[in-house]
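Residue 1075 in this note's numbering is what sits at position 88 of the sequence shown, and the numbering runs on without skipping anything.
Backbone N, C-alpha and C define an ideal beta-carbon position, used for all residues, glycine too.
Just so you know, these numbers come straight off a predicted model, no measurement behind them.
What follows is a short report on a single structure.
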Amino acid sequence: MTYREKAMIVALSTTTNEAALSGTPQEYAELAAALKRGQGRFALVTTESVAPYGVALETLSVEAVDTPTVRITVDRTTLDLSIRGPLRHLATLGSIVRAGAESGDPKGHVHLEGFEGHDFLAEDSFSLTVHDAVEPTP
988 MTYREKAMIV ALSTTTNEAA LSGTPQEYAE LAAALKRGQG RFALVTTESV
1038 APYGVALETL SVEAVDTPTV RITVDRTTLD LSIRGPLRHL ATLGSIVRAG
1088 AESGDPKGHV HLEGFEGHDF LAEDSFSLTV HDAVEPTP
């Protein structure tokens, strides 16, 4: 079983500075709503294999703050992925997550990577791949 067949998971690479988000359409809809309102905290699945990644993060938090761009960070001690930034840019991320919920493409994904001059992500944001949502298999 791969990490994409179960509930919302953020898998963290232990060798690179990147993580991958996967989940169900309903979970993505809830995350998109939290991003739109600028507040939310989610417990993540930690009991499934995240191979080829190394660690399953425990929580994902969203917070609206008065900054120019969104910053995605990972706390390796608390195993939390944090998404913080201005409400308008969090809403943009919410639209991306909602599109992933509605895609239906099990191989679809988007890479969120900050760089100098990015429209809404801070240059030093943690790289996050958002896999399109899939229904869990029985």
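In the DSSP assignment, L1068 falls outside any alpha helix (DSSP H) and within the unbroken beta strand (DSSP E) covering D1067 to G1072. In this structure, the alpha-carbon of L1044 lies about 22 Å from that of K1023. In the structure shown, the three-state DSSP call for R1028 is strand. In the assembly as shown, G1081 is a buried residue. Its beta-carbon has 16 or more other beta-carbons within 10 Å. Residue state for V1042 is assigned as strand, using DSSP reduced to three classes.
Spatial neighbours of E1103 in its own chain (CB-CB distance under 6 Å, excluding positions within 5 residues in sequence) are listed in chain order as E1110.
Residue nearest to E1017 within the set V1042, L1115, A994 and E1100 is A994 (criterion: CA-CA distance). S1114 has E1005 as its beta-bridge partners, per DSSP. Assigned with DSSP and collapsed to three states, S1036 falls in coil, not helix or strand.
A1007 and T1054 have their alpha carbons spaced roughly 24 Å apart. Residue burial annotation: G1087 is buried, with at least 16 other C-beta atoms found within 10 angstroms of its C-beta.
In this structure, DSSP gives T1056 a state outside helix and strand, which the three-state scheme calls coil.
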